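Here the structure comes first, spelled out in structure tokens, and everything after it is commentary.
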Amino acid sequence: MPTPAQEISITYGSLLTGGSSAYTIDSGPALAQKPSADGSAFVSSVSWVVFVQDDDRAAFEAKCAAIVAAFSERFQDLTVEIGGQTFISWSHGSNTGFNADPGWSEIPDSANTGFSRRYTLGVAVELPATDNDDLREASATISHDSSDKITVTFRGVYTASEGGGGALANYESKAPGYCTGILSGIGGGPYELVEQEPTRMDQDKECPWVRVYEEIIFPQKPGSVDDSAIVRHNVVFSRQTPGPGDTPGGNYSVKRLTVATASYACNVEHTETKSLEDLWRNTLRQYVFNEAKKRFKATIVAVTVDDLSTNASANTITASLSLVMIVQGSTAFEYSVSQTYSEDQGAVIRRVHDGKRYSKYVYPGPADTVRTTVIRAVVNSIEALGKVQSYPVLAEGARTIDGGRGTFPGDSGWVEIAPRTETKTPVMIGLPGIGTRIPSTLVEITIVETWVLKPGGATGSASQALDAVAKSKKPATLPGGAITPGSR
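In structure tokens, the structure reads:
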């Protein structure tokens, strides 16, 4: 049975209804739109009713099957024409209406026979966000950490453009400008993009995305707060003022070198550079050094360790400088005096043959005490070296360090018995090429002395008595008796 032509025609995919087709449009089309205020897609839909009939059962079944097949296939184009004029044109390819979702249902009424049937047909599509530069929705979350550093997290959805461009391409070209505009109104800054996560959907008609911006509160390199190659940098300065303990007294102003560490870590945009070693050596290292020197208000700073770690697979830099700094007024960086005493009690032992195996006579003999003094100092100038020879008094209760050089006042004292040894080792602290190398000298002096007690009746100095002993190589006789070793 022929179907009369209609003024209205609706085409979905390759199936034509109405017009001169075998499908009569009984009612419709009905158009509806759902706004995206709830965050969902902006959806438009159209529905209509068609009547299908045929005298031949096989032909009738084929027409019904064609409807089911056509309206089971997504992402097709839909066109509605009335009187030869296009009323609706939703094209998946040109993005005028995309992600089409069709549907069909049979209408249970008296028309449903073995040779006729009514169907409700419908198609819903998502629309491009042409009213907002293809941005369907967006939000910005502003967070402040405990230091009041600002982090802004953007979330949104871009759609494909009517006429061509895909959603991901729209995100890449439009999201940076959109976010920059919002950031300028938030205040603070400058800001850098530290994370981004666009999602490319299967048909590339919509693109959910996330972008995270962090405020930069410390410059990333000399003369540039925000450098295009450096991302999420972290700069840490730490200082230690050591006091491990030095021997008190002496003619030095002993102040230990201040120890500091300056570390720098960052991600590097790989499209900008992959020469991580060069970036550190030529730009960042001197910058970190200068900032440390300025922060610690130091005039003389040496670099003792330049530690660099680069991760080629992640394109990251982790580096640190170990620094030492002179404290104003310091003439020595270390100073210690240590003494070792060797005591010979002077016991004289004679064996006795009385039938017992271990029998002995023990007689008190001349005792002897030897003192070895070691002085160690690290000084920062050659001019200060002579001062090491005048060493100070030890803590209360210790034997007096008076450095006899062979003479002592009174009845007893220490006399040097071996040549004094002095070792001076020049030491240059610091690496060349960065910072100021600190010239210093390691001084080590060893003095060996013995304790001498002047005999009770002697007059004159002990040195005179010793000289006499040396000349005669015999016990010297002075007024008061012979000089012999005694106990103290």
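Numbering (this note's numbering), first residue to last: 29 to 516.
All C-beta atoms in this analysis are idealised placements derived from N, C-alpha and C, irrespective of residue type, glycine included.
Nothing here was measured: the structure is a model prediction, and the numbers come from that model.
Exposed or buried, which one is residue i when buried takes at least 16 other CB atoms within 10 Å?
i	result
Asn19	Past the edges of the chain, shown from 29 to 516, lies residue 19, and the structure says nothing about it.
Phe99	buried
Glu243	buried
Gly485	With a pLDDT of only 43 at Gly485, under the threshold of 50, the placement of this residue in the model should not be trusted; the figure read from the coordinates follows. The residue is exposed, with fewer than 16 neighbouring Cβ atoms inside 10 Å.
Asn160	exposed
Met353	buried
Gly425	Annotation note: pLDDT 34 at Gly425 (below 50); position unreliable, coordinate value reported separately. Exposed, because fewer than 16 other Cβ atoms sit within 10 Å of the Cβ of Gly425.
Val151	buried
Pro156	buried
His120	buried
Tyr40	buried
Phe246	exposed
Tyr389	exposed
Ala405	buried
Glu35	exposed
Ala128	buried
Val253	exposed
Asn310	exposed
Ala33	exposed
Arg102	exposed
Ser138	exposed
Asp335	exposed
Gly383	exposed
Arg145	buried
Ser175	exposed
Ser42	exposed
Val153	buried
Assuming residue i and residue j form a contact by the criterion Cβ under 8 Å, report the distance between their Cβ atoms to the nearest whole angstrom.
i	j	result
Gln61	Val74	The Cβ separation is near 10 Å, so there is no contact.
Arg85	Phe143	7 Å
Gly56	Val77	6 Å
Cys235	Tyr206	Between Tyr206 and Cys235 the Cβ distance is about 13 Å, and since that is not below 8 Å, they are no contact.
Phe324	Arg267	6 Å
Val108	Ile95	That pair is no contact at about 17 Å.
Nearest to residue i by CA position, among the options, is which residue?
i	options	result
Thr6	Ala446, Ser303, Ile377 and Thr158	The chain is shown from 29 up to 516; residue 6 falls before or after that span and cannot be answered.
Ser387	Pro394, Ile377, Asp396 and Gly393	Ile377
Gly251	Val259, Leu312, Gly191 and Asn295	Leu312
Arg260	Arg399, Thr346 and Leu44	Thr346
Gln367	Arg399, Ile110, Ser341 and Val355	Arg399
Glu165	Phe182, Arg145 and Asp176	Phe182
Thr52	Asp230, Thr148 and Pro394	Thr148
Val180	Ser174, Asn262, Lys202 and Gly216	Gly216
Val380	Tyr391, Thr227 and Glu371	Tyr391
Glu225	Arg146, Gly184 and Ala288	Gly184
Val480	Glu444, Trp118 and Asp176	Glu444
Glu472	Pro460, Ala97 and Lys452	Lys452
Leu470	Ile403, Thr124, Ser42 and Gly374	Ile403
Ile475	Ile462, Thr449, Ser468 and Pro467	Thr449
Can you name, in chain order, every residue of its own chain whose Cβ lies under 6 Å from the Cβ of residue i, other than the five neighbours on each side?
i	result
Val282	Asp274, Ala360 and Tyr363
Gly193	none
Val333	Ser350
Ile210	Ala168
Thr187	Pro156, Ala157, Asp162, Arg164, Ala195 and Glu234
Phe88	Asp82 and Phe143
Sorted by chain position, which residues of the same chain lie with C-beta nearer than 8 Å to residue i's C-beta, five sequence neighbours on each side aside?
i	result
Asn343	Asn295, Val296, Glu297, His298, Lys302 and Leu304
Ala50	Thr31, Val80, Asp82 and Lys91
Glu13	This structure does not reach residue 13, given that the chain is present from 29 up to 516, and the question cannot be answered.
Pro218	Glu243, Ile244, Val253 and Asp254
Leu59	Ser72, Ser73, Val74 and Ile116
Cutting at 7 Å between CB atoms, please list the residues of its own chain near residue i, excluding the five before and the five after it.
i	result
Arg465	Ala330, Met456, Ile457 and Gly458
Val355	Lys283 and Thr286
Leu221	Arg239 and Tyr241
Leu44	Ser37
Ile526	Residue 526 is absent from the model: the chain starts at 29 and stops at 516.
Gly432	Since pLDDT at Gly432 reaches only 41, below the 50 mark, its modelled position is unreliable, and the value read off the structure follows with that caveat. Correct list, in chain order: Gly441, Trp442, Val443, Glu444 and Glu477.
message = I'd like the ranges of any alpha helix (DSSP H) spanning at least 4 consecutive residues and lying wholly in the segment 53 to 138.
response = Listed in chain order, the complete alpha helix (DSSP H) runs (minimum 4 residues) inside the segment 53 to 138 are 85 to 98.
Write down every uninterrupted run of the beta strand (DSSP E) in the segment 155 to 227 whose length is 3 residues or greater and which is fully enclosed by it, in chain order.
-> Runs found: 163 to 172, 178 to 187 and 219 to 224.
Tell me the start and end of each unbroken beta strand (DSSP E) in the segment 283 to 350 that is at least 3 residues and wholly inside, in chain order. As summarised for the segment 283 to 350, the continuous beta strand (DSSP E) elements at least 3 residues long and confined to that stretch are 286 to 296 and 329 to 339, given in chain order.
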